[in-house]
Amino acid sequence: MLRKIITFFCLFCFTLTYAQVGGESTYQFLNLISSPRQAALGGKVLTNVDYDVTQGLYNPATINVDMDNQLAVNYTSYLGGIGYGTAAYAYTVDRRTQTFHAGITYINYGEFEGYDENGNETGAFTGNEAALSMGYALQLGYSNFYFGANVKLITSKLEQYSSFGVATDLGLLYINDRIDFHAALAVRNLGTQITTYAGLNEPLPFEVDFGMSQTLENVPIRWHVTFENLQKWPIGRPNPARVTSDLSGNQSSENIGFLGQVIRHTILGAELFPEGGFNIRLGYNFRRAEELRIVDQRNFSGLSAGFSIKMNKMRFSYTHAKYTSAANSSFFGLQIDLQ
1 MLRKIITFFC
11 LFCFTLTYAQ
21 VGGESTYQFL
31 NLISSPRQAA
41 LGGKVLTNVD
51 YDVTQGLYNP
61 ATINVDMDNQ
71 LAVNYTSYLG
81 GIGYGTAAYA
91 YTVDRRTQTF
101 HAGITYINYG
111 EFEGYDENGN
121 ETGAFTGNEA
131 ALSMGYALQL
141 GYSNFYFGAN
151 VKLITSKLEQ
161 YSSFGVATDL
171 GLLYINDRID
181 FHAALAVRNL
191 GTQITTYAGL
201 NEPLPFEVDF
211 GMSQTLENVP
221 IRWHVTFENL
231 QKWPIGRPNP
241 ARVTSDLSGN
251 QSSENIGFLG
261 QVIRHTILGA
271 ELFPEGGFNI
281 RLGYNFRRAE
291 ELRIVDQRNF
301 SGLSAGFSIK
311 MNKMRFSYTH
321 AKYTSAANSS
331 FFGLQIDLQ
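Put into structure tokens, the structure is as follows:
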């Protein structure tokens, strides 16, 4: 039975895989980083199975009893004056029925000055989007595998246009307690628009991610490796700003080989003292680094670092993520134990 479930899940994932990354679908905010911990470890960690209740927003298979009565609120000062945040809460009815999870993601694009096609002012307008999710996870028999799902209701309002949609996230998690190794597969944003902005039905930002992590023996460090956007290959495109010329004036486009494509799918992260009251976190997102770096200039794009500290029943987290020479983001988070 377990083998049939896993086989069906994998076939279902790869049957639905098609190319979607940034700018090719609506509700792009659904794949934004959900917490300071995620941001510090590179952006898309799938395998944290502990107190971190926000993890359930990204991979529902990680919902567990340690999240019981945990409330998390996160805020991000994003690029271009955009602000967005997440909140999550989990409650365990009893040990047999496991834990139910609820969360919300909200983004505010700020205020804009409106103009018509003739350049006449039409007044200020705003834009915002939100998603409400409910999730649950269960153990598959007596195995080391866990399966989880989130159901999301999505609302979006951009100037006079609005849209409503539904989506689901599916997660499969493997835990080996003997060597403290976790592996996870997440399929995100399977869904559709119920109402469209202007009559055109757009696809959701479908994404397939695979991650692994392990705590080193006798060393308080947990490493993380995530392979993102597995539904799209190749993911890298030549950058027009990196065209080179030879002595004869012949121009050559940037060549992205197989290794370059693999790197762009890879995110690395490490957490020092993962089970302690104080944590230090580092991450590196290769795709962000390659797409946002400036030729012949070191600007540390793709690098992120953060920490968390526990004070009684509260844990405060902060992360600073480097995007470009002109743009960085700060992530703030507070988790409260309501036990």
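Per my numbering: the sequence shown ends with 339, consecutive numbering throughout.
All C-beta atoms in this analysis are idealised placements derived from N, C-alpha and C, irrespective of residue type, glycine included.
Remember, it's a predicted structure, so these values are computed and weren't measured experimentally.
Item, Value
"Distance check for Leu132 and Asp116, CA to CA, integer angstroms please.", "34 Å"
"Taking DSSP as the reference, what is the three-state secondary structure of Tyr18?", "Confidence is the limiting factor: at Tyr18 the pLDDT is only 39, short of 50, which leaves the residue's position unreliable, though a coordinate-based value still follows. In the structure shown, Tyr18 sits in coil (DSSP, three-state: anything other than H, G, I, E or B)."
"Mind listing, in chain order, the continuous alpha helix (DSSP H) runs of no fewer than 4 residues lying wholly within the stretch 220–282?", "258–264"
"Is DSSP giving Val49 helix, strand or coil here?", "coil"
"Since Tyr91 and Phe100 should fall inside the 8 Å C-beta cutoff, what is the C-beta to C-beta distance between them, to a whole number of angstroms?", "6 Å"
"Going straight from the alpha carbon of Glu207 to that of His265, what length do you get?", "12 Å"
"Starting from the C-beta of Leu272, find all residues in its chain whose C-beta is less than 6 Å away, skip the five residues before and the five after it, and write them out in chain order.", "Ile221, Ile280"
"What distance in whole Å lies between the Cβ atoms of Thr47 and Ala137, which are believed to be in contact at a cut-off of 8 Å?", "Not really, about 13 Å apart at Cβ, beyond 8 Å."
"Assign Glu117 to one of three DSSP states: helix, strand, or coil.", "coil"
"Here's the rule: buried if 16 or more other CB atoms are within 10 angstroms of the residue's CB, otherwise exposed. What is Gly306?", "buried"
"Is His224 near Gly269, with beta carbons less than 7 Å apart?", "yes"
"Where does Gln55 sit, in a helix, a strand or coil, going by DSSP?", "helix"
"Identify whether Asp209 lies in helix, strand or coil by the three-state DSSP scheme.", "strand"
"May I ask you to report which of helix, strand or coil DSSP gives Ile6?", "For Ile6, the pLDDT reaches just 43, beneath the cut-off of 50, and the residue's location in the model is therefore unreliable, leaving the point undetermined."
"When DSSP labels each residue in this structure, what does Asn218 get in the three-state scheme?", "coil"
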